[in-house]
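Colleague:
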Amino acid sequence: MAECVIAFLQEKLTSFLNEENELLGGVDEKVEDMRAELERMTAFLVAAEAQEVTDPRLKVLVKQVRDVAYDTEDVLHEVISHRTGRYRGKLRLCGFVHGVYLHIRNLKARHQLASEIQSIESRVTSLEGFQRYCFPLSISEQGPNTNFNSRTLGDCRGTVHWSKDPNPVGIEVPKQQLIKWLVEGDSGVKTLSVVGPAGIGKTTLVREVYDDATVKKHFYNHAWLTVSQPFDLDELMKDMLQILCSGIRAQLPQGIEATKTNGLKRKISEVLQQQRYVLVFDNVRNIDTWEGIKSVLPNNSNSRVMLTTCFSHIASTSSMETEGNVYTMKPLYQEESWTLFCKKAFRGSYCPLYLEEVSQRILKRCCGLPLAIVAIAGLLATKNQSRIEEWEMLHRCLGVELEGNDNLDCLRKIFSYSYYDLPYHLKLCLLYLSIFPEDITIERMRLLRLWIAEGFVQGRAEMTLEEVAERYLNELVDKNLLHVSEKTEDGRLQTCQVHNLWGELIGLKSREHEMVTVARGRDTLWPKKVRHLAVHNSLESLPESKYFNRLRSVFIFGRIGSLHQPLRSLLSSGKLIKVLDFRGAPWESIPEEVFELHHLKYLSMRETKLKKLPKSIGKLQNLETLDLKGTYVTQLPLEITRLHKLRHLLVYRYKILVGYISYDSVRGFKAPPTVGDLHSLQKLSYIEADHIGGGTSDIMVRKVGCLTQLRKLNIVRLRRGHGTALCSSLETLTNLRSLNITSIEQDEILDLDHPLSSAPRYLQRLYITGPLEHVPMWVASLNNLVRVVLRWSQLDDDPLQSFQALPCLEELHLLRAYKGDRMCFKAGGFERLKILWLITLEGLRWVVMEQGAVPCLQKMYYQNCKLVDKLPSGIQHLTNLGLLHLTDMPDQLVISLENREEGGGYAEIARIRDVWTENYIGGCWTGHWIK
Numbered sequence: 001m002a003e004c005v006i007a008f009l010q011e012k013l014t015s016f017l018n019e020e021n022e023l024l025g026g027v028d029e030k031v032e033d034m035r036a037e038l039e040r041m042t043a044f045l046v047a048a049e050a051q052e053v054t055d056p057r058l059k060v061l062v063k064q065v066r067d068v069a070y071d072t073e074d075v076l077h078e079v080i081s082h083r084t085g086r087y088r089g090k091l092r093l094c095g096f097v098h099g100v101y102l103h104i105r106n107l108k109a110r111h112q113l114a115s116e117i118q119s120i121e122s123r124v125t126s127l128e129g130f131q132r133y134c135f136p137l138s139i140s141e142q143g144p145n146t147n148f149n150s151r152t153l154g155d156c157r158g159t160v161h162w163s164k165d166p167n168p169v170g171i172e173v174p175k176q177q178l179i180k181w182l183v184e185g186d187s188g189v190k191t192l193s194v195v196g197p198a199g200i201g202k203t204t205l206v207r208e209v210y211d212d213a214t215v216k217k218h219f220y221n222h223a224w225l226t227v228s229q230p231f232d233l234d235e236l237m238k239d240m241l242q243i244l245c246s247g248i249r250a251q252l253p254q255g256i257e258a259t260k261t262n263g264l265k266r267k268i269s270e271v272l273q274q275q276r277y278v279l280v281f282d283n284v285r286n287i288d289t290w291e292g293i294k295s296v297l298p299n300n301s302n303s304r305v306m307l308t309t310c311f312s313h314i315a316s317t318s319s320m321e322t323e324g325n326v327y328t329m330k331p332l333y334q335e336e337s338w339t340l341f342c343k344k345a346f347r348g349s350y351c352p353l354y355l356e357e358v359s360q361r362i363l364k365r366c367c368g369l370p371l372a373i374v375a376i377a378g379l380l381a382t383k384n385q386s387r388i389e390e391w392e393m394l395h396r397c398l399g400v401e402l403e404g405n406d407n408l409d410c411l412r413k414i415f416s417y418s419y420y421d422l423p424y425h426l427k428l429c430l431l432y433l434s435i436f437p438e439d440i441t442i443e444r445m446r447l448l449r450l451w452i453a454e455g456f457v458q459g460r461a462e463m464t465l466e467e468v469a470e471r472y473l474n475e476l477v478d479k480n481l482l483h484v485s486e487k488t489e490d491g492r493l494q495t496c497q498v499h500n501l502w503g504e505l506i507g508l509k510s511r512e513h514e515m516v517t518v519a520r521g522r523d524t525l526w527p528k529k530v531r532h533l534a535v536h537n538s539l540e541s542l543p544e545s546k547y548f549n550r551l552r553s554v555f556i557f558g559r560i561g562s563l564h565q566p567l568r569s570l571l572s573s574g575k576l577i578k579v580l581d582f583r584g585a586p587w588e589s590i591p592e593e594v595f596e597l598h599h600l601k602y603l604s605m606r607e608t609k610l611k612k613l614p615k616s617i618g619k620l621q622n623l624e625t626l627d628l629k630g631t632y633v634t635q636l637p638l639e640i641t642r643l644h645k646l647r648h649l650l651v652y653r654y655k656i657l658v659g660y661i662s663y664d665s666v667r668g669f670k671a672p673p674t675v676g677d678l679h680s681l682q683k684l685s686y687i688e689a690d691h692i693g694g695g696t697s698d699i700m701v702r703k704v705g706c707l708t709q710l711r712k713l714n715i716v717r718l719r720r721g722h723g724t725a726l727c728s729s730l731e732t733l734t735n736l737r738s739l740n741i742t743s744i745e746q747d748e749i750l751d752l753d754h755p756l757s758s759a760p761r762y763l764q765r766l767y768i769t770g771p772l773e774h775v776p777m778w779v780a781s782l783n784n785l786v787r788v789v790l791r792w793s794q795l796d797d798d799p800l801q802s803f804q805a806l807p808c809l810e811e812l813h814l815l816r817a818y819k820g821d822r823m824c825f826k827a828g829g830f831e832r833l834k835i836l837w838l839i840t841l842e843g844l845r846w847v848v849m850e851q852g853a854v855p856c857l858q859k860m861y862y863q864n865c866k867l868v869d870k871l872p873s874g875i876q877h878l879t880n881l882g883l884l885h886l887t888d889m890p891d892q893l894v895i896s897l898e899n900r901e902e903g904g905g906y907a908e909i910a911r912i913r914d915v916w917t918e919n920y921i922g923g924c925w926t927g928h929w930i931k
C-alpha cells in the first residue's frame, strides 16, 4: 500500500509541476489533484495507525508520509489562499477570470508555490526509494489493532495483578455485591457487566469473584475466556469447550478443530446440558462480539455470564437484554490508594515522613487507578529512599519515565491497546487533548468547536458538524478515555478532562506524531515544524519564526503578560493558522497580525480585557467561531456581517450579582442592522433587541428571523412592542433547540401571546425572563421541550396548566413566576418531570400533588417561599423522590420536618433519601442534612 501511495503521489505532483504554465486556466483542477493525493496519504496513515508499528524502518516511513501529508495539505491551503484570499478585492473589481490571471502572474507567489510543490515531489521520490532498505513492507488493512493482541494485554495485566496479594485493596465491597448478583435469583441466563477505564481493576475484581468458593460451589460449569482481538467466534467456542470439558473431567469431543460454527454451538449445549453455569468473557470490545457470544449460550436456569469491558454501551446493552446488572468501577478512594501505594513502594511498611509529601503528589497523578499505582509504586520501590531528589525527579519527569522505563511498560501497553482500537478520526481528537494543561476541565462546546475548526470532524448526511463532533465526544467518554467532570441537572455532559496519567501517555503519542508542541519556557524541545502550539505560562524563549510557517493553532494558558514581539512574529509567520485561543490573556486588544490570517476559523478572546472589536474583523472571512464571552465588548462593527461562514457568535458577560438572585444578570451586545446576513449562524448569545442607533424599532428582532440555521438564540432587552416581531421571527427559526428571552426591565411586559402558524417544533429548552400576562398558547405545542425556566413572570394564573401535558418535560423552574397562593399538579400530569424548582413565589401557601402526578420526580427544590409552612400534600406518593432541598424556607417548616415524634413532620419525608436545609446569612451559606 505504501508503494502505491508514493508512486501515485509522485506522478501527480510531477504533472502539477510540468503544467505550471497552465495554472491560469486550471487552478481548480490542480487543487483537486492535490486533494486526491492528500486523501491517499491519509488512507495510508489510517491503515498504519490501525496497528502498533514496531519495526523501526516502518516507523520512519510512516513518519515521513505523515510529514509529506501535512505539508501537502499546507500547500493546498496556500494555493487556495493566494487565489481567493489575498486577491479577493481584485476579484470583485475585475471578475473571477481576470482575478485568477492576476494571481498567477504574480511571480513571487507563483514561484514560491512551485518551489514548495517541487520540494514535496523530491521528498516523495525519496520515499519511493525507501523500499530498498525495508524488504517486503506493507501495512495491514485487516482492521484495528491486528498486531496488539489480547494475549499481550493479558500478560501485561498479569504482571501487576492484585489477586497475587492475599489482601487486595478496595476489592471486598464490590466483590460481595457481584457475588450476591451471581448466586441470588432463579431466572434464566443473566449477564453481569463490569465496566470502567483501562487499569481500574475490572479483571482483578472479576477474577476474585470467579475464584470465590461460594461461586464455585453454586455453579456446576465454570469457564474464564479472554476475548481475542480480532474476535473469532469459532476459536472462542473451541477454547470454551476445552475449558468446560476439563472442568468437569469430560473428554473433548473428537474432530473439534474441523467443526464449523453451528456444530460447535451444539457441542457447547451438550456439555452445558441443563446444569447451572458461570462464564466470564474478559475484555469485550464491541457489540458484534457480544452478539456472537450471546448466540452460543443456552438458556439454562439460574446461569450467569460476566463481562468486563471498557465500553459503557456494551455493558448496558448486554445486561439490559438479559435483565442483568451493570457494575461501574470507580477509582480507589484516597485512603485506599495510599494503602496500595505504601504496600508496593515500601514493601508493606510505612512511608517515611520526609517522603510523604512528594509521595502524595505522585499518587495524585495516578488518579486512583490501581494499575498505575502498582506500576509507579513498584518503580519507586527500586529507588533509594534516602535520596528524595530521585522521587522529586520522577514526579517532575513522569512523561520521560513512561516513555523509556521498562518498569512502566504495562502502562504503555494498556494505553496502546485502547489507542490502537480507536478509528483514525478519534485518534486525532484524542491526541489533540494534549494541548490542554494537566488537571484542566474542558467545556464540551469548546472542544467540539475546536475539533471542527481543525478539520477532524467528518460531515454526515442530515447531521450538523456539531452533532457529529458530539458523537465523537460521547464515543471517547463511552470508551472511558475521557472522564466526565460535570453534568447538567438533566444529565448532559458539561465539562470533561483526561486522567493525569493518561494525559501523560497521550502527550507522548502526540509528540511522537509531532502533532502538539507545549512551550514551557527555556527547557522546551522544539521540533523543526510546529503545527499546534500550546503556551503554558510563558511567552519567553519562542524560537525564530521559521519554526512556525506550518503553524495551525495557538493556545495561551496561564499567566501571560502583555503582548510580546515574539508572539507577534509568530502570528506574522503562521499564515496557515486556523485556531487562536487566547482565553484569559490580560490583553485589551486583538493583535493586528490576527486579521491577516485568512484561514482562521476559531478565535477566542474569552475572559480577556478586550473592549472593542475592530472593523478589520471583516477580513476573517473563514471564521466560524468568535468567542468574546466575559470581555467588555458591547457593540459589534458593521463589518462583522461579512463573515458568512460564522456559526457561533458569543458576546456577553455576567454582571456581579447583588445577593444570590438578580434579574438583569447578563450584559449582551448591540449588533448592526445587517445581522440577518449571517446566514450560517447556529448560536447567537446574547444579542440586544435595541439596535445600534437606539430607539424602540423592532428591526433587530425581525432580522433575527433571517437566521434560519439558528440552534440557540439568547436575546435580551426586549420591549413589549417587540412581541409581534419576535413571534413572527420564531415562525422561521425551525431549527431552534434553545430559546432564551429577557425583557429590558422587571416591569416591561413580554407580549408573546401571539398565534404562531408554526412554532419551533424541535425546541428543547425555553427560558423566559420578564412579566407575562399569560403563558403563550403556542408553548403547549412544543412537544420536544425538556426544560422550562420562567423568571419574574408574575402570572396571575397557575402556570402549571400550560406545561402539564408536555410529553418530554423533565425540568421546570419557577422563579417569581406566579403571584397566587395555590398550585396544583393534577393527576396524570408531568409524566416525565424529574426536577422541580419553586423559587421566591411570594404569595404561595399551598402546593397540591394529586395521586398520579409527577410520578418520575427525583429532585425538588424549595427556595425562599416565605408563606409555605408545610410540604406539598401528596408528596408521600412520590416514590422516586430522592432529594428535597430547602433554601431560606420558614423556620416553622424546617422545625416540623426535624420532629421525629408521632405526629411530627419527619414522617412526611421518611421515604425521601436526602433532605437538606440551608440559609443565606451575612453573605454566606450555612446548612445541614435533616435526613
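When we follow full-length UniProt numbering, the leftmost residue of the sequence shown carries the number 1, and every step to the right adds one.
Here a beta-carbon is modelled for each residue, glycine too, at the ideal position from N, C-alpha and C.
In this text, all values refer to a predicted model and were calculated from it rather than measured experimentally.
For I104 and G455, I'd like the C-alpha separation in whole angstroms.
Modeller: Because I104 carries a pLDDT of 47, less than 50, the predicted location of this residue cannot be relied on, and the following value inherits that uncertainty. Looking at the two C-alpha atoms, the distance is approximately 28 angstroms.
Colleague: According to DSSP, E486 sits in a beta bridge with which residue or residues?
Modeller: T495
Colleague: Using DSSP's beta-bridge definition, name the partner residues of C824.
Modeller: V848
Colleague: Using DSSP with H/G/I as helix, E/B as strand and the rest coil, what is G927?
Modeller: DSSP, reduced to helix, strand and coil, places G927 within a strand of the structure shown.
Colleague: Under the three-state reduction of DSSP, which class applies to K819: helix, strand or coil?
Modeller: coil
Colleague: Would you tell me roughly how many angstroms separate the C-alpha atoms of V97 and L398, rounded to the nearest one?
Modeller: Confidence is the limiting factor: at V97 the pLDDT is only 44, short of 50, which leaves the residue's position unreliable and the question unanswerable from this model.
Colleague: Rounded to whole angstroms, what is the Cα-Cα separation between A377 and W502?
Modeller: 17 angstroms
Colleague: In angstroms, rounded to a whole number, what distance separates the CA positions of N405 and C310?
Modeller: The alpha-carbon atoms of N405 and C310 are separated by roughly 26 angstroms.
Colleague: Excluding the 5 residues preceding and the 5 following N300 in the sequence, name in chain order all residues of the same chain whose CB lies nearer than 7 angstroms to its CB.
Modeller: V189, L272, Q274, Q275, R276 and Y277
Colleague: Beta carbon of F825, beta carbon of V779: below 8 angstroms?
Modeller: For F825 and V779, no; Cβs fall outside 8 angstroms.
Colleague: Is it the case that the Cβ atoms of Y472 and C429 are separated by a distance below 8 angstroms?
Modeller: yes
Colleague: Out of curiosity, what's the CA-to-CA distance linking H483 and A519?
Modeller: 25 angstroms
Colleague: Going along the chain, which unbroken runs of the beta strand (DSSP E) with 3 or more residues stay wholly within the region 159-207?
Modeller: 190-195
Colleague: What does DSSP give as the partner residue(s) for S685 in the beta ladder?
Modeller: L650
Colleague: Provide the residue span of the beta strand (DSSP E) that contains Y327, from first to last.
Modeller: N325 to T328
Colleague: Under the rule that 16 or more other beta-carbon atoms within 10 Å means buried, what is K601, buried or exposed?
Modeller: Buried.
Colleague: Buried or exposed: which applies to R492, given that a residue is buried once 16 or more other Cβ atoms fall within 10 Å of its Cβ?
Modeller: exposed
Colleague: Roughly how many whole angstroms lie between the Cα atoms of A381 and E512?
Modeller: One C-alpha to the other measures close to 29 angstroms.
Colleague: If you reduce the DSSP assignment to three classes, tell me which class Y417 lands in.
Modeller: helix
Colleague: Using CA atoms only, rank isn't needed, just tell me which of M329, L297, V374 and G904 is closest to R347.
Modeller: V374
Colleague: Count the other CB atoms within 10 Å of the CB of Y333; is the residue buried (16 or more) or exposed (fewer)?
Modeller: exposed
Colleague: Could you tell me the distance, in whole angstroms, from the CA atom of S140 to the CA atom of L58?
Modeller: Residue placement at S140 cannot be trusted, given a pLDDT of 47 that sits under 50; what the coordinates show is reported in the next sentence. Each residue's Cα considered, the two are about 12 angstroms apart.
Colleague: I need the straight-line Cα distance from E607 to F830, nearest angstrom please.
Modeller: Using only the alpha carbons, I get a separation of about 40 angstroms.
Colleague: Under the DSSP definition of a beta bridge, which residues are partnered with K670?
Modeller: Note: K670 sits in a beta bridge opposite Q635.
Colleague: Who pairs with R304 in a beta bridge, going by DSSP?
Modeller: K190 and V278
Colleague: Suppose the cutoff is 6 angstroms on Cβ atoms and the five residues either side in sequence are ignored; what does the same chain contact list for F582 look like?
Modeller: I556 and M605
Colleague: With 16 other CB atoms within 10 Å as the buried threshold, where does L867 fall?
Modeller: exposed
Colleague: Taking 7 angstroms as the limit between beta carbons, can you name the residues of its chain near L724, skipping five residues before and five after?
Modeller: The question names Leu, but residue 724 is Thr in the sequence shown. Within the same chain, T724 has close Cβ partners H754.
Colleague: Could you check whether F281 and V296 sit closer than 8 angstroms to each other, using their CB atoms as the reference points?
Modeller: Contact flag unset, no.
Colleague: For I577 versus R552, is the C-beta spacing smaller than 8 angstroms?
Modeller: Less than 8 angstroms divides the Cβ of I577 from the Cβ of R552.
Colleague: Please say whether L713 and L684 have beta carbons closer to each other than 8 angstroms?
Modeller: yes
Colleague: What residues in its chain sit with their C-beta under 7 angstroms from that of G905, if we drop five residues either side in the sequence?
Modeller: S896, L897 and N899
Colleague: Determine whether the beta carbon atoms of I200 and P298 lie at a separation below 8 angstroms.
Modeller: no
Colleague: Checking the sheet assignment: what are the DSSP bridge partners for K859?
Modeller: I835 and L883
Colleague: CA-CA distance, I640 and S562?
Modeller: 26 angstroms
Colleague: My guess is that L636 and F669 are in contact by the Cβ rule of under 8 angstroms, so how many angstroms apart are they, rounded?
Modeller: 6 angstroms
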